[in-house]
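Using the numbering used here, the letters of the sequence shown map in sequence onto residues 21 to 327.
Note that the Cβ used here is the ideal one computed from N, Cα and C, for glycine as well.
Step one of this worksheet: look at the structure below.
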Amino acid sequence: MDPTDNQDTPTIQQALSHQGRLLGQHEQSILALHASNQQLSQQVTVLTEQISAWLSLQSNASAQPAQPTPPSPQQVEQGPGPREPAISDPEHFAGQSELCGLMRGRALKWAEARFSNTVMHEVRYRDFVKEIKQVFDHPDYRSDASVKLMSLSQGQRSVSDYSIDFWTLKAEVDWTEQALRAAFTKGLSDQIKDELMSRDEPDDLESLISLANKIDNRIRARRKERDNSARSSTRTTALSPPIRPSRQPIRFEVDQIDGPEPMQLGRAHLTPEELQRRRQAGECLYCGKSGHFLASCPTRPKDRAHP
Numbered sequence: 021m022d023p024t025d026n027q028d029t030p031t032i033q034q035a036l037s038h039q040g041r042l043l044g045q046h047e048q049s050i051l052a053l054h055a056s057n058q059q060l061s062q063q064v065t066v067l068t069e070q071i072s073a074w075l076s077l078q079s080n081a082s083a084q085p086a087q088p089t090p091p092s093p094q095q096v097e098q099g100p101g102p103r104e105p106a107i108s109d110p111e112h113f114a115g116q117s118e119l120c121g122l123m124r125g126r127a128l129k130w131a132e133a134r135f136s137n138t139v140m141h142e143v144r145y146r147d148f149v150k151e152i153k154q155v156f157d158h159p160d161y162r163s164d165a166s167v168k169l170m171s172l173s174q175g176q177r178s179v180s181d182y183s184i185d186f187w188t189l190k191a192e193v194d195w196t197e198q199a200l201r202a203a204f205t206k207g208l209s210d211q212i213k214d215e216l217m218s219r220d221e222p223d224d225l226e227s228l229i230s231l232a233n234k235i236d237n238r239i240r241a242r243r244k245e246r247d248n249s250a251r252s253s254t255r256t257t258a259l260s261p262p263i264r265p266s267r268q269p270i271r272f273e274v275d276q277i278d279g280p281e282p283m284q285l286g287r288a289h290l291t292p293e294e295l296q297r298r299r300q301a302g303e304c305l306y307c308g309k310s311g312h313f314l315a316s317c318p319t320r321p322k323d324r325a326h327p
């Protein structure tokens, strides 16, 4: 064996080891590129699906939408009795067949009578509407709403419920702002009116109604609080044991009476000088003896009362 071959063996091994490391690095790079390629492919697929969906929406939006079937129109006025069929003869009501087809009940009967001898297209639309209003549009609803608004009151309701009815009737009248505010205030309860009198007058109707609502809510909350407190106090009193009166007799003791004896049996009233002398001497004011006072006088009747 050539000695030079032994010398080249480590070099060859190092070269092979280096080549192996390079191959391993290349393999890792290829795997990373493959994973990145798969990720890009998935993203492209998602984008393609989104674009397809967007194009589908655009095509549907550009297409002519189907006309929905209109609901059955409400009748102009329905009187008692069975509902009449809609007019469906376009020749008799040429030009306005759709408009007349909306009529029911008494309105339909009026139209049939009105145009029984007149061709429909010879009547102008403006005149036709004017005649309908003259027959069916009664202006009395405004006066009725005014009467209801003037007589509307809060009663036992909350201001919130009262204001709903007020706003509903307000939409049917043409009153001024000042008249509406006066009518709303007039219908409030006395308690709300009293509270409003102590406050600054609101600038407009909306502010007035809002303030009345706040006052009413506070009053109702306070009333509820008082009711709860009263019920709690009543419950506590009912649970407390009753207080039994003492059976010991009440004793009254009179040590000394400074005033003169109002009545002395068999004796005259003492003079002020005699009363003063007996007090200074420590004698009884009744019998004049020493050693006791009027309250314990042995000669004084026991059943006599003194103030």
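Query, Result
"In DSSP terms, what Asp303 is bridged to", "Looking at the sequence provided, one finds Glu at residue 303 rather than Asp. Per DSSP, Ser310."
"Proximity winner among Ile50, Phe156, Lys150, relative to Gly10 (alpha-carbon distances)", "Since the displayed the chain opens at 21 and closes at 327, residue 10 lies outside it and no answer follows."
"Own chain partners of Cys307 with C-beta closer than 6 Å, once the 5 adjacent residues on each side are dropped", "Cys317, Thr319"
"Residue closest to Ser209, alpha-carbon to alpha-carbon, out of Pro292, Ser180, Val149, Tyr145", "Ser180"
"Contact belief for Asp224 with Glu192 at Cβ below 8 Å, rounded distance in angstroms", "Asp224 to Glu192, Cβ: 20 Å. No contact."
"Proximity to Ile235 [Cα-Cα], best of Asn248, Ser218, Arg251, Arg246", "Ser218"
"Run of the alpha helix (DSSP H) containing Gln154, from where it starts to where it stops", "145-156"
"For Asn80 and Glu69, the rounded distance between their alpha carbons", "17 Å"
"Between the CA atoms of Ile239 and Phe204 - distance to the nearest angstrom", "19 Å"
"Range of the contiguous alpha helix (DSSP H) that encloses Asp210", "210-217"
"Alpha carbon of Glu303 to alpha carbon of Phe313, nearest angstrom", "7 Å"
"Between the CA atoms of Gln63 and Gln78 - distance to the nearest angstrom", "23 Å"
"From Arg144, Ile152, Arg146, Glu142, residue whose alpha carbon lies closest to that of Ala131", "Ile152"
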